[in-house]
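Right, one structure below, let's go through it.
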Amino acid sequence: MSDWTPKLNPAVDLRRLPLNAEEGFVLSRLDGHTREKDLPALTGFPPDKLRDILARLVSQGALLPGTEAPASVNTVRQPAHQEADHPAPSVDASDTEPLPEAEASDGSDDEASSADDVPEAVLGDFRKLFETRLHGLPEDQRVALAHGAEDPELSALCFDPVPAVIKAVLENSRVGLPHARLIARHHRNPVGLEALVARAAFASDTGVRRFLVRNPQLPVALFRRLWAMRRLMEHHKLTVDRDVPEQTRRTARELLRQRFSTGPSEEKVELILNTEGRALGALVGMPVDGKTTSLLCGRTYRSPMLVQNIARWSAAPPALIAHLLKQELVRRQPQLRMMLARHPNAPADAKRA
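If you're matching positions, the sequence shown starts at 1 in the UniProt record's numbering and goes up one per residue.
If you want it as structure tokens, here you go:
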């Protein structure tokens with residue numbers, strides 16, 4: 001096989017292509033950097049079969065053509081409405097290079113979202129393969145198959161609702177993070193989810209964790225075990241994420257309050273400042289220690305929203321209220337000064353004024 005590096009065609013919507021399960025699986029394994037000759041080890045397909053699959057993908061427009069692409073498919077078949085008027089554009093390799101990490105994303109959750117998600121068309125192929133060919137098999141036969149299966153059957157078995165089959169998938173020597181993410185996202189039995197997180201490499205993966213918290217069958221005890229010591233900002237993000245089931249969000253709010261009472265002062269300050277005080281609504285009655293107060297009092301405040309939310313926080317320390325009353329922002333806005341002066345912990349002279 002050649003040194004050609006298959007890359008997805010950004011101008012084509014994969015969901016509209018008539019992909020079969022094998023083509024969809026190969027697409028899910030392409031990262032834009034792996035060469036053609038290295039793909040057999042990554043996909044498990046023989047070189048000849050893989051070359052035919054890549055040829056079909058290029059001919060359908062799913063992959064960008066290259067000088068070293070399979071000889072029979074060096075041109076991309078354009079959609080019918082473009083073929084007559086627009087020739088196939090030349091592709092500059094620099095146009096397909098990923099953005100630098102700092103420019104591509106500002107947060108680990110967004111990076112995980114772009115890197116871990118499998119295209120819906122590919123997921124549909126795996127699900128269809130399971131429902132049409134594998135679901136009708138007896139449970140013991142599916143368990144035996146899962147122990148030695150290769151993709152795409154191995155990925156299809158990740159949709160099995162039976163925990164025994166999921167355990168067999170996890171015992172397969174070919175199982176990897178893509179399979180773990182499929183299980184975390186689609187398996188609906190707590191026993192199978194427990195088996196998944198028993199593997200430390202899977203439990204620590206960002207994509208697996210992201211799909212687990214959105215799984216409505218994630219047990220509360222398992223969530224507490226995995227997220228008990230996460231940063232305060234991570235807990236807060238879960239409490240406001242509408243994709244997270246209400247039970248998990250409720251537990252996240254409980255953990256947020258527990259962690260706020262015992263967590264590092266730096267994390268508390270980070271939470272208050274980065275959310276402009278919005279997180280304080282879930283922290284009613286939660287006091288802060290002296291170090292946290294000192295860190296908050298060592299800053300200049302320019303956000304009216306942050307000042308308002310602190311003024312509504314019943315546990316705001318007296319030193320912080322006094323510090324805010326001295327801020328130029330508060331002096332220029334009487335309504336902010338009035339809110340702070342009405343706070344139970346406001347200095348007596350501010351209340352008299």
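Glycine included, each C-beta is placed from N, C-alpha and C at the ideal position.
Alpha-carbon to alpha-carbon, residue j and residue i
i, j, result
"Pro98", "Asp38", "Bear in mind that a pLDDT of 37 at Pro98, under 50, signals an unreliable position, so the model cannot answer this."
"Gly285", "His147", "53 Å"
"residue 356", "Ala180", "Outside the shown range of the chain, which is 1 to 353, sits residue 356, and nothing can be said about it."
"Pro219", "Leu226", "11 Å"
"Arg299", "Thr293", "11 Å"
"Pro304", "Met338", "13 Å"
"Thr262", "Val213", "23 Å"
"Leu42", "Leu30", "9 Å"
"Leu256", "Asp52", "52 Å"
"Glu246", "Ala228", "18 Å"
"Val307", "Leu280", "12 Å"
"Arg312", "Arg242", "25 Å"
"Glu131", "Gly176", "22 Å"
"Arg302", "Gln333", "11 Å"
"Leu336", "Thr251", "34 Å"
"Glu276", "Ile310", "9 Å"
"Val91", "Pro6", "Note that Val91 has pLDDT 36, beneath the 50 cutoff, so the model's placement of it is unreliable and no number is given."
"Arg188", "Leu157", "13 Å"
"Ala346", "Thr248", "37 Å"
"Pro18", "Leu273", "49 Å"
"Asn9", "Gln60", "10 Å"
"Ser113", "Arg174", "Residue placement at Ser113 is flagged as unreliable, the pLDDT there being 44, under the threshold of 50; the coordinate-derived value follows with that caveat. Answer to the nearest angstrom: the Cα atoms are 23 Å apart."
"Leu283", "Ala315", "9 Å"
"Leu64", "Val58", "6 Å"
"Ala21", "Leu129", "7 Å"
"Pro46", "Arg224", "44 Å"
"Leu27", "Gln217", "29 Å"
"Pro40", "Thr34", "11 Å"
"Leu50", "Phe211", "30 Å"
"Phe25", "Asp48", "16 Å"
"Lys237", "Leu324", "27 Å"
"Pro190", "Ala322", "50 Å"
"Glu171", "His343", "59 Å"
"Leu296", "Gln327", "13 Å"
"Arg278", "Val240", "11 Å"
"Gly32", "Leu145", "31 Å"
"Gln162", "Ala168", "One detail in the question is off: residue 162 reads as Val in this sequence, not Gln. Going from the Cα of Val162 to the Cα of Ala168 covers about 10 Å."
"Gly290", "Asp349", "23 Å"
"Val12", "Ala201", "34 Å"
The alpha helix (DSSP H) enclosing residue i, as first and last residue numbers
i, result
"Met229", "Counting along the chain, Met229 falls outside any alpha helix (DSSP H), and DSSP gives it neither H nor E."
"Glu266", "265 to 274"
"Asn309", "304 to 311"
"Asp140", "139 to 148"
"Lys167", "163 to 171"
"Lys291", "290 to 297"
"Leu340", "334 to 341"
"Glu153", "153 to 157"
"Thr206", "206 to 213"
"residue 354", "Nothing in the structure corresponds to residue 354, since the chain is present only between 1 and 353."
"Val197", "190 to 197"
"Pro318", "318 to 325"
"Arg181", "177 to 186"
"Ala203", "200 to 203"
Beta bridge counterpart(s) of residue i as assigned by DSSP
i, result
"Leu238", "In DSSP, Leu238 forms no bridge with anything."
"Leu255", "According to DSSP, which records beta bridges pairwise, Leu255 is partnered with nothing at all."
"Leu50", "Answer is none; Leu50 lacks a bridge partner."
"Leu8", "Leu63"
Distance between beta carbons of residue j and residue i, contact taken as under 8 Å
i, j, result
"Glu266", "Met233", "Between Met233 and Glu266 the Cβ distance is about 11 Å, and since that is not below 8 Å, they are no contact."
"Ser204", "Leu182", "About 17 Å; that fails the 8 Å criterion."
"Pro317", "Val288", "6 Å"
"Asn215", "Arg185", "7 Å"
"Ala62", "Leu14", "6 Å"
"Arg259", "His235", "6 Å"
"Ile166", "Gly136", "Not a contact, Cβ separation roughly 18 Å."
"Val197", "Leu222", "6 Å"
"Ala164", "Glu139", "7 Å"
"Val330", "Leu340", "7 Å"
"Gly44", "Asp151", "6 Å"
"Ser2", "Glu23", "So it is not a contact: roughly 19 Å between Cβ atoms."
"Arg142", "Leu134", "6 Å"
- [ ] Can you check the segment 17 to 42 for any alpha helix (DSSP H) of at least 4 residues that lies completely inside it and give the ranges in chain order?
- [x] 21 to 29
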